[in-house]
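Undergrad: Take this structure first; my questions come after.
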Amino acid sequence: MPELPEVETVKESLKVHLIGQKIKEIYAPYPKIIKMDLSDFKKKMINQTFRDINRYGKYLFFIFDDYTLVSHLRLEGKYFIRNALNELTKHEHVVFKLDNNKFLSYHDVRKFGTIELVDKGKEFTLFSVKKLGVEANQINTDNIELIDKFKRANRPIKSVLLDQTIVTGLGNIYVDETLFRSKINPEEIASILSVEEIKTILKNAKIVLDKAIKLGGTTIRTYQSSLGVDGRFQNELKVHTMAGKPCPVCNTIIKKIRVGGRGTYYCPSCQPRKKI
DNA sequence: ATCTATGCCTGGTGGC
DNA sequence: TGCCACCAGGCATAGA
C-alpha cells in the first residue's frame, strides 16, 4: 500500500519518463477512477504537456500547462510506462498515449484509486487535499497546535497517526514501525500520552519515513513489479507483517491485533500499555 | 465536535 | 477440485 515514501519514489521515477511529453490520446476502460466526466477530461487533457510532478502526503500532482492532475493510489494503484498497447494487462484502467508513442498507464486491482483534474495551481483547494495536515517527515516538534491535537484526541494513538488531517503521509506500515521505535502501545489513548512521548513519536515518524524514502519505499504483498515501487524497506520492518516472529529487540513474539479496524503489529513487551 | 461504522473493490485464503 | 465466506485497507460519507 503506497504511503508517503512509495509515492515519493513513484514521483521521482515517473519524472524521467514524462516531463516534456504531450498527451495525444486517452483510453479509459474503467472511467470510474476519473472523478469527472470522461469526455470533459479528455477534452482538457489532450495536447497538454507534462511540466512537473509534485507530491503532498500520499497525493501525486501531475503539473500540465493549464491543469493539475491529482492522483491518489489508495491501496494498490501503480503507474506503468508501456511501449505499446499490446503490453497492457488486466486492471489498467486509464491509459495516456504520449508524444513519443509510449503510454502512461494507471493500474489498480482494487479500483480504489482516484484521478481528479483541477485548474493549475488550484490543487490545494481540492476538498480532500485542503484538509491534510503537515507532512509526517516535515514536522517541527515544537508545533504546540499539533501537540495539542494529540492531547485532545480520545482515541488510540494509532488512529490519530493514521488521520491525514492531523499528520499526513503515514499509513498502516509506517505507523506500526513508528510506534515500535517509540515504545508506545498502538491502543494507548493519545490524550494520556505525555508531551515528551508525543514528540518522540513525531521524531520517529520522520526517521522511519526518511529511511524508507532512501530505500525506495516498501514492497509487500506485490505479485508483480511496478515502475518505481520496488523498494527495499521491507527488509527493515521490525514489527509490521512479523506476527509470530521474535521481536528484534527482546525476542518476545510479535502480536497482531486490530486497532480502529486496521491490522496492527506490535511487541507486547517493548510496547506495554501505560499504568495509570 | 469527535469518533465509529459502512461502502467502495478484487484476489487470496481457509473451510468444507 | 470447486464453491463460498471472509479478509486486506485509505478515504468519503453517514450516523451516533
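Letter by letter, the first sequence follows residues 1 to 276 in the numbering used here. Glycine is no exception: its CB is placed at the ideal position from the N, C-alpha and C atoms. Keep in mind that this is a model prediction, so the values were computed, not measured.
Measuring alpha carbon to alpha carbon, tell me which residue in Lys183, Lys206, Ser194 is nearest Gly169.
TA: Within the first sequence, numbered from 1, the residue matching residue 169 stands at position 169. With distances taken between Cα atoms, Gly169 lies closest to Lys206.
Undergrad: Which residue comes first and which comes last in the beta strand (DSSP E) that contains Thr68?
TA: Counting from one through the first sequence, the residue named residue 68 turns up at place 68. It spans 67-72 - the beta strand (DSSP E) in which Thr68 sits, taken as one unbroken run.
Undergrad: Given Gln224, which residues of its chain have a CB within under 7 angstroms of its CB, disregarding the five upstream and five downstream residues?
TA: Working through the first sequence from its first residue, we reach residue 224 at position 224. Residue confidence for Gln224 is low, a pLDDT of 44 falling below 50, so the modelled location carries little weight; the figure read from the coordinates is stated next. So no residue of the chain qualifies.
Undergrad: Quick check on His17: does DSSP put it in helix, strand or coil?
TA: Within the first sequence, numbered from 1, the residue matching residue 17 stands at position 17. Helix, per DSSP.
Undergrad: If you reduce the DSSP assignment to three classes, tell me which class Lys22 lands in.
TA: For this step, residue 22 is matched to residue 22 along the first sequence. It is a strand residue.
Undergrad: Does DSSP put Arg181 in a helix, a strand or coil?
TA: Within the first sequence, the letter at position 181 stands for residue 181. Here Arg181 sits in helix by DSSP.
Undergrad: Buried or exposed, going by whether 16 or more other CB atoms sit within 10 Å of the CB of Ala84?
TA: Counted from its first residue, the first sequence places residue 84 at position 84. Exposed, because fewer than 16 other Cβ atoms sit within 10 Å of the Cβ of Ala84.
Undergrad: CA-CA distance, Arg278 and Glu3?
TA: As shown, the chain starts at 1 and ends at 276. That puts residue 278 outside it, with no answer to give.
Undergrad: Is the beta carbon of Ile23 less than 9 angstroms from the beta carbon of Phe50?
TA: Within the first sequence, residue 23 is the residue found at index 23, counting from 1. Within the first sequence, residue 50 is the residue found at index 50, counting from 1. A contact, by the Cβ cut-off of 9 angstroms.
Undergrad: Who are the near neighbours of Ser269 in its chain, counting only those whose CB is closer than 8 angstroms to its CB and skipping five residues on each side?
TA: Locating residue 269 in the first sequence gives position 269, where the first residue counts as 1. So the qualifying residues of the chain are Cys247, Cys250, Thr252.
Undergrad: Counting only the same chain and skipping the five closest in sequence on each side, list residues whose C-beta sits under 7 angstroms from that of Tyr27.
TA: Here the question's residue 27 lines up with position 27 in the first sequence. Result list for Tyr27: Val95, in chain order.
Undergrad: Look at the alpha carbon of Glu123 and the alpha carbon of Phe112, and state the distance between them as a whole number of angstroms.
TA: One-based indexing of the first sequence puts residue 123 at position 123. One-based indexing of the first sequence puts residue 112 at position 112. Going from the Cα of Glu123 to the Cα of Phe112 covers about 20 angstroms.
Undergrad: So the alpha helix (DSSP H) Lys214 belongs to, where does it begin and stop?
TA: Counting from 1 along the first sequence, the entry for residue 214 is found at position 214. Start and end: 195-214.
Undergrad: Can we say the segment 180-194 touches the segment 151-166, given the rule of at least three CB pairs closer than 8 angstroms?
TA: They touch, by the three-pair rule.
Undergrad: Among Glu187, Glu25, Lys15, Thr178, whose alpha-carbon lies nearest the alpha-carbon of Tyr79?
TA: Position 79 of the first sequence, counted from the start, is the residue given in the question as residue 79. Nearest option by C-alpha distance: Lys15.
Undergrad: Have a look at Thr222 and Met242 and give me their C-alpha separation to the nearest angstrom.
TA: Counting from one through the first sequence, the residue named residue 222 turns up at place 222. Counting from one through the first sequence, the residue named residue 242 turns up at place 242. Any reading at Thr222 is ruled out, since the residue's pLDDT is 48, under 50, leaving its predicted position unreliable.
Undergrad: By alpha-carbon positions, which one of Gly244, Ile198, Ile33 ends up nearest to Thr114?
TA: As a first step, residue 114 must be located in the first sequence, where it is residue number 114. Comparing Cα-Cα distances from Thr114 to each of Gly244, Ile198, Ile33, the minimum goes to Ile33.
Undergrad: Decide if Arg273 is buried, meaning its Cβ has at least 16 other Cβ atoms within 10 Å, or exposed.
TA: To locate residue 273, count along the first sequence from 1; it is residue 273. By the neighbour-count rule (16 or more Cβ atoms within 10 Å), Arg273 is not buried but exposed.
Undergrad: Excluding the 5 residues preceding and the 5 following Leu202 in the sequence, name in chain order all residues of the same chain whose CB lies nearer than 7 angstroms to its CB.
TA: Reading the first sequence from its first residue, position 202 is the one you call residue 202. The residues are Ile139, Thr141.
Undergrad: Report the residue ranges of all alpha helix (DSSP H) runs contained in full by the segment 92-167; include only those spanning at least 4 residues, in chain order.
TA: Listed in chain order, they are 127-130, 144-151, 157-162.
Undergrad: Would you list the one or two residues that DSSP bridges to Leu54?
TA: Taking the first residue of the first sequence as position 1, residue 54 is located at position 54. First, the amino acid is wrong: residue 54 is Asn here, not Leu. Phe61, per the DSSP bridge assignment.
Undergrad: Under a three-way DSSP split, which group does Gln224 fall into?
TA: In the first sequence, residue 224 corresponds to position 224, counting from 1. Because the pLDDT at Gln224 is just 44, under 50, the model does not fix this residue reliably, and the point stays unresolved.
Undergrad: Pair every Cβ in the segment 127-137 with every Cβ in the segment 53-67, then say whether three or more of these pairs are closer than 8 angstroms.
TA: Yes: the two stretches touch, three or more of their Cβ pairs being nearer than 8 angstroms.
Undergrad: CA-CA distance, Tyr266 and Lys43?
TA: For this step, residue 266 is matched to residue 266 along the first sequence. For this step, residue 43 is matched to residue 43 along the first sequence. If you take the alpha carbons of Tyr266 and Lys43, they lie about 50 angstroms apart.
Undergrad: Measure from the alpha carbon of Glu116 to the alpha carbon of each residue in Glu12, Glu25, Lys256, His72, then state which is nearest.
TA: By 1-based counting over the first sequence, the position of residue 116 is 116. Among Glu12, Glu25, Lys256, His72, the Cα nearest to that of Glu116 is on His72.
Undergrad: Rounded to whole angstroms, what's the CA-CA distance from Asn100 to Gln21? Just pull it up for me.
TA: For this step, residue 100 is matched to residue 100 along the first sequence. For this step, residue 21 is matched to residue 21 along the first sequence. Each residue's alpha carbon lies about 7 angstroms from the other.
Undergrad: What would DSSP say about Ile173, mapped onto helix, strand or coil?
TA: Locating residue 173 in the first sequence gives position 173, where the first residue counts as 1. Here Ile173 sits in helix by DSSP.
Undergrad: Rounded to whole angstroms, what's the CA-CA distance from Gly228 to Gly217? Just pull it up for me.
TA: What you label residue 228 is simply residue 228 of the first sequence in a count that begins at 1. What you label residue 217 is simply residue 217 of the first sequence in a count that begins at 1. For Gly228, the predicted model reports a pLDDT of 48, less than 50, meaning its position is unreliable; a value from the coordinates is still stated below. When rounded, the distance between both Cα atoms is 9 angstroms.
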